[in-house]
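S.K.: Sharing a structure here in structure tokens format.
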Amino acid sequence: MAKVIAPFQIQGTLDDLNFVVADGINYVRKKGKTGVTSKDFKNNPIFDPIRNQGKELGHCSKKAFQFRQLAARFNKLAKDGSVAGRINKLLLEILQEDTTQPKGERTLIEGLKTDEGKEALLFFESNKLRPMRQVLKIKEQCLVETQTVVLENFIAKEQLDWPEEATHVVFAAATANWNFEKETFDTCYSTDCILDKESEKQTITLTTEKPKGDQLHLTFLFIGFMKQDRKKHVFLHRKYNTATCIAYHIP
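Residue numbers (this note's numbering): 1049 to 1299.
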């Protein structure tokens, strides 16, 4: 840094020179090189971890959009604001189960081929504010070979966590075949089962058709609460409802 010898003081920047005043003395110094060029980022090995992470995150983001579509009808009625980010995080964790490739080259396809990868999908909640194990107070039976979910001896008033305004509840199931290698899917939904809060004890059986394809079958359970408005039943806000992946099956 050099002193400026002049009858006046200069402050500011001129081309690549910075003029400053410190303790009454005028100094000038050349601006240092700052920032990272695209060429540096691409070629410098110090940035390998960042590049690899970005590549894998981008791969998972694309798959995450499709995962949200597997039970899109349920997700519209039951989700919180963090669902997209949580799915990205989940799929990135599954990708890390791929031990066949180095970091930056791992894929979700290989991760989902592992038992650990498929099991990580279980009990993913579209609405983390209302996890199924808190909303539903009995254990469901899931018969994956026949695409059926059963709630035995169910008492609506006692075995659900009811929102204050709710007068009715809807149960529905979905079975999706997800061909994650070819990025295609087919989803079949059950008929809705609607009960009022005072319903008598009964067994609920939700069955779907078998979806097209024999790759990865995922079963989703939806629990939606409604209030009666004259002759209509109106869903409560999606923050009160539940949509959960409860089982997987390889046909």
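The beta-carbon is built from N, C-alpha and C at its ideal position, and this holds for glycine as well.
Here the structure is a predicted model, which is why all the values come from computation and not from measurement.
Got a sec, what are the start and stop residues for the alpha helix (DSSP H) Leu1156 sits in?
M.R.: Reading the sequence shown from its first residue, position 108 is the one you call residue 1156. Note, Leu1156: alpha helix (DSSP H), 1156 to 1160.
S.K.: Whose CA, out of Lys1249, Trp1226, Glu1193, lies closest to the CA of Leu1208?
M.R.: In the sequence shown, the residue the question calls residue 1208 occupies position 160. Of Lys1249, Trp1226, Glu1193, the residue nearest in Cα terms is Lys1249.
S.K.: Report the three-state DSSP secondary structure of Arg1181 (helix, strand or coil).
M.R.: Residue 1181 sits at position 133 when you count from the first residue of the sequence shown. If DSSP states are grouped into helix, strand and coil, Arg1181 belongs with the helices.
S.K.: Which residue comes first and which comes last in the alpha helix (DSSP H) that contains Val1131?
M.R.: The sequence position of residue 1131 within the sequence shown is 83, counting from 1. First-last of the alpha helix (DSSP H) with Val1131: 1131 to 1143.
S.K.: In the DSSP assignment, what are the bridge partners of Tyr1296?
M.R.: The count along the sequence shown starts at 1 and reaches residue 1296 at position 248. In the DSSP output, where bridge partners are listed per residue, Tyr1296 has Leu1266.
S.K.: Taking 8 Å as the cut-off, does the region 1280 to 1292 touch the region 1154 to 1161 (at least 3 CB pairs, one atom from each stretch)?
M.R.: The region 1154 to 1161, when compared against the region 1280 to 1292, does not touch it at the 8 Å Cβ threshold.
S.K.: Would the beta-carbon of Leu1065 fall within 9 Å of that of His1107?
M.R.: Within the sequence shown, the letter at position 17 stands for residue 1065. Within the sequence shown, the letter at position 59 stands for residue 1107. Cβ atoms of Leu1065 and His1107: not closer than 9 Å.
S.K.: Considering Cα atoms alone, identify which of Phe1219, Lys1127, Glu1188, Gly1133 is closest to Arg1178.
M.R.: Counted from its first residue, the sequence shown places residue 1178 at position 130. Answer by Cα proximity: Lys1127.
S.K.: Count the other CB atoms within 10 Å of the CB of Glu1231; is the residue buried (16 or more) or exposed (fewer)?
M.R.: As a working note, residue 1231 is residue 183 in the sequence shown. Glu1231 is exposed by the Cβ-count criterion.
S.K.: Taking 9 Å as the threshold (C-beta atoms), are Leu1118 and His1219 in contact?
M.R.: The residue labelled residue 1219 in the question sits at position 171 within the sequence shown. The residue labelled residue 1118 in the question sits at position 70 within the sequence shown. Checking the sequence shown, residue 1219 turns out to be Phe, not His. No; because the gap between Cβ atoms is not below 9 Å, this pair is not in contact.
S.K.: In the structure shown, what three-state DSSP assignment does Asn1074 receive?
M.R.: Here residue 1074 refers to the residue found at position 26 when the sequence shown is read from its first residue. Looking at Asn1074 - three-state DSSP - the assignment turns out to be strand.
S.K.: For my contact list, His1265 and Asn1227 are in at a C-beta cut-off of 8 Å; report their separation, rounded to the angstrom.
M.R.: Stepping through the sequence shown from its first residue, residue 1265 is reached at position 217. Stepping through the sequence shown from its first residue, residue 1227 is reached at position 179. That belief does not hold up - the Cβ atoms of His1265 and Asn1227 are roughly 11 Å apart, past 8 Å.
S.K.: Going by DSSP in three states, Asp1163 sits in which element: helix, strand or coil?
M.R.: Walking along the sequence shown from the start, residue 1163 turns up at place 115. Residue state, collapsed to three classes: helix.
S.K.: Give the list of continuous beta strand (DSSP E) stretches no shorter than 3 residues that lie fully inside the region 1179 to 1264.
M.R.: Runs found: 1189 to 1191, 1196 to 1202, 1216 to 1227, 1232 to 1237, 1241 to 1244, 1250 to 1255.
S.K.: Locate the alpha helix (DSSP H) running through Phe1122, then write down its first and last residues.
M.R.: One-based indexing of the sequence shown puts residue 1122 at position 74. Here the alpha helix (DSSP H) through Phe1122 covers 1120 to 1123.
S.K.: Span of the beta strand (DSSP E) holding His994?
M.R.: For residue 994 there is no data in the structure shown, the boundaries of the chain being 1049 and 1299.
S.K.: Candidates Phe1202, Lys1124, Thr1255, Leu1243: which alpha carbon is nearest His1285's?
M.R.: In the sequence shown, the residue the question calls residue 1285 occupies position 237. Checking every option, the nearest Cα to that of His1285 belongs to Lys1124.
S.K.: Going by the CB atoms, is the gap between His1216 and Lys1176 shorter than 9 Å?
M.R.: Translated into positions along the sequence shown, residue 1176 becomes position 128. Translated into positions along the sequence shown, residue 1216 becomes position 168. No; because the gap between Cβ atoms is not below 9 Å, this pair is not in contact.
S.K.: Could you please give the first and the last residue of the uninterrupted beta strand (DSSP E) stretch that includes Gly1060?
M.R.: Position 12 of the sequence shown, counted from the first residue, corresponds to residue 1060. Residues 1060 to 1062.
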